[in-house]
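J.:
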Amino acid sequence: MGRVYDALKRAESPERRITASKSAIRQNGNSGNVLYPGWPGNGHDHPWERNAFTGMPSAYDSASTAHTAEAASGPALPAGTASRDAGATLGAVGSARAIEFSSREVSAARVEPHLVALTDPRSVACEQFRALRTQLLQAGEREHKRAFVITSAGQGEGKTLTALNLGWLLAQTDGATALLIDADLRQPCAAEYLGIQTEVGLSEVLTGETKLTQAILKLEPSGLHLLPGGAAREDVAELLSGPRFGRLLEEARKLFDYIIIDAPPLGVFTDANLLINRADAALLVVRAGVTRYAVVDRLLEQLPRERMLGVVLNRAQGKPDDAVYYYQPRYQRAASAADVGDAGDAFEDRPGMIYIEEEGVS
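This is the structure:
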């Protein structure tokens, strides 16, 4: 059976705690790995092996090792490129370090609790996001990837919180600047998760109502920059496929070292596909016990292999978190038409994927 299929299957039994030793992982071969992060009180091994497709490591031996090694010998970060001439339409006039963006104070008491990078930075869950951040930093160093799309197979998979946690931690990386773009324009929610109020965002930039630098917010105390979604819209595909978004992303690359794009679910609209085609790489978030095998298989077939950095398998147990409410009812109607079926060995022919099993992100 495929690695993702096996992991999803095991996770269907709530009483069973998954453990993985290095030898057990190696028995599956070196064609791809599953990282089994722990949760407070549930220690797991975190084998670190080389991924055959990307050539980069796919997990640290432990979460603490990930954090320590990353701090000691992190990759060189690309410098922000100042450009005083470019981007007159979008308002880009230099690197993020040279621009005074409007700021918002983000409080741990007001944010969505699962934004562990802020609410519980010493937790095992946050360490897993640090390990995932290392994947992105490695991709940035070795393959010059800087713009990452975070999407999901369907509703309630945990993509927005994955994007927020990764963005928050990237912004704390020494010498790096990071921008999170809320591109889920049908029902944007990143600002709500952060507990802040916004007036304009991506929608208004793409329609020419405001400039990029006027819409971007600097979030304190992390230093993460946010381009909110702005007003919800229905003509999303037209906006994202148009020339304005291409210019926006080009200018964002000049302003920031890393860009995280929170995209709508792949299995619902074409918006995410448009974003992936314009970005450098993508992470697909799926949820054990929720995501259908056949749906994941079909989505992976549609995606450009060279842009897929990995699959995040979210194993959060218990009732669905209230934070996923924003997908319904619009996404619910579209997702209900997805195929059911069995995946079987659907993932066996994907040796290049990095499979990451994440617990505790809802």
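Residue numbers (this note's numbering): 894 to 1255. C-beta: ideal position from N, C-alpha, C; glycine also. It should be emphasised that the depicted structure is a prediction, and the values quoted were computed from it without experimental measurement.
May I ask you to report which of helix, strand or coil DSSP gives S1273?
T.: Outside the displayed range of the chain (894 to 1255) lies residue 1273, so it cannot be described from this structure.
J.: For a test of the three-state rule: what should DSSP assign to T1044, helix, strand or coil?
T.: For the purposes of this step, residue 1044 is taken as the residue at position 151 of the sequence shown. In this structure, T1044 counts as strand in the three-state DSSP scheme.
J.: On the CB-based measure, 16 or more other CB atoms within 10 Å of its CB, does E1020 come out buried or exposed?
T.: Here the question's residue 1020 lines up with position 127 in the sequence shown. Per the 10 Å Cβ criterion, buried.
J.: Going straight from the alpha carbon of H1007 to that of L1054, what length do you get?
T.: In the sequence shown, the residue the question calls residue 1007 occupies position 114. In the sequence shown, the residue the question calls residue 1054 occupies position 161. The straight-line gap from Cα to Cα measures roughly 7 Å.
J.: Three Cβ pairs or more, each shorter than 8 Å: is that satisfied between the segment 1083-1098 and the segment 1027-1046?
T.: Result no; under three Cβ-Cβ pairs closer than 8 Å.
J.: Quick check for students: name the residue ranges of the alpha helix (DSSP H) that lie wholly in the segment 1108-1166, counting only runs of 4 or more.
T.: DSSP runs (the alpha helix (DSSP H)) wholly in the segment 1108-1166: 1129-1134, 1136-1148.
J.: Using the beta-carbon count (16 or more within 10 Å), is R1015 buried or exposed?
T.: The sequence position of residue 1015 within the sequence shown is 122, counting from 1. Exposed, because fewer than 16 other Cβ atoms sit within 10 Å of the Cβ of R1015.
J.: State yes or no: is the C-beta of E1093 within less than 8 Å of the C-beta of G1123?
T.: Within the sequence shown, numbered from 1, the residue matching residue 1093 stands at position 200. Within the sequence shown, numbered from 1, the residue matching residue 1123 stands at position 230. Position check: residue 1093 holds Val in this sequence, whereas Glu was assumed. It is a contact, given that the beta carbons lie within the stated cut-off.
J.: Beta strand (DSSP E) containing L1202: first to last residue?
T.: Within the sequence shown, numbered from 1, the residue matching residue 1202 stands at position 309. Looking at the DSSP string, the run of the beta strand (DSSP E) that includes L1202 is 1201-1207.
J.: Classify Q847: buried if its beta carbon has 16 or more other beta carbons within 10 angstroms, exposed otherwise.
T.: Nothing about residue 847 can be read from this structure; the chain reaches only from 894 to 1255.
J.: Check this for me: beta carbons of A1040 and L1110, under 8 Å apart or not?
T.: Reading the sequence shown from its first residue, position 147 is the one you call residue 1040. Reading the sequence shown from its first residue, position 217 is the one you call residue 1110. It is not a contact, given that the beta carbons lie outside the stated cut-off.
J.: Based on the DSSP output, what are the partners of A1174 in its beta bridges?
T.: Mapped onto the sequence shown, residue 1174 falls at position 281. DSSP, once it has assigned bridges, lists F1041 as partnering A1174.
J.: Taking the beta strand (DSSP E) that E998 belongs to, which residues open and close that run?
T.: Translated into the one-based positions of the sequence shown, residue 998 becomes position 105. Taken as a continuous stretch (DSSP letters only), the beta strand (DSSP E) holding E998 covers 995-998.
J.: To the nearest angstrom, report how far apart V1178 and S995 are at their CA atoms.
T.: Taking the first residue of the sequence shown as 1, we reach residue 1178 at position 285. Taking the first residue of the sequence shown as 1, we reach residue 995 at position 102. When rounded, the distance between both Cα atoms is 31 Å.
J.: Distance, Cα to Cα, L1073 vs A1187?
T.: Reading the sequence shown from its first residue, position 180 is the one you call residue 1073. Reading the sequence shown from its first residue, position 294 is the one you call residue 1187. If you take the alpha carbons of L1073 and A1187, they lie about 30 Å apart.
J.: Measuring only the C-alpha atoms, how far is K1038 from L1063?
T.: For the purposes of this step, residue 1038 is identified with residue 145 of the sequence shown, where counting begins at 1. For the purposes of this step, residue 1063 is identified with residue 170 of the sequence shown, where counting begins at 1. Straight-line Cα distance between these residues: approximately 14 Å.
J.: Tell me which residues share the same chain as V1129 and place their Cβ nearer than 8 Å to its Cβ, disregarding the 5 neighbours each side in the sequence.
T.: Residue mapping note: residue 1129 aligns to position 236 of the sequence shown, counting from 1. Once the five neighbours on either side are set aside, the close Cβ partners of V1129 are L1078, R1079, P1157, F1162, D1164.
J.: Once DSSP output is grouped into helix, strand and coil, what is the label at V1009?
T.: By 1-based counting over the sequence shown, the position of residue 1009 is 116. Note: V1009 maps to helix in three-state DSSP.
J.: What do you reckon, are the CB atoms on L1159 and L1133 nearer than 8 Å?
T.: Residue mapping note: residue 1159 aligns to position 266 of the sequence shown, counting from 1. Residue mapping note: residue 1133 aligns to position 240 of the sequence shown, counting from 1. The answer is no: Cβ separation not under 8 Å.
J.: Assign D1075 to buried or exposed, taking buried as 16 or more other Cβ atoms, counted over all protein chains shown, within 10 Å of its Cβ.
T.: Along the sequence shown, one-based indexing puts residue 1075 at 182. So D1075 counts as buried.
J.: Which whole runs of the alpha helix (DSSP H) in the segment 1054-1114 are 4 residues long or more, in chain order?
T.: 1083-1087, 1095-1099, 1105-1108
J.: Among D1013, T1044, T1012, R997, which has the Cα closest to the Cα of N1207?
T.: Against the sequence shown, residue 1207 aligns to sequence position 314. The shortest C-alpha separation from N1207 is found at T1044.
J.: If I follow the unbroken alpha helix (DSSP H) through V1017, where does it start and stop?
T.: Position 124 of the sequence shown, counting from 1, holds the residue named residue 1017. Looking at the DSSP string, the run of the alpha helix (DSSP H) that includes V1017 is 1017-1036.
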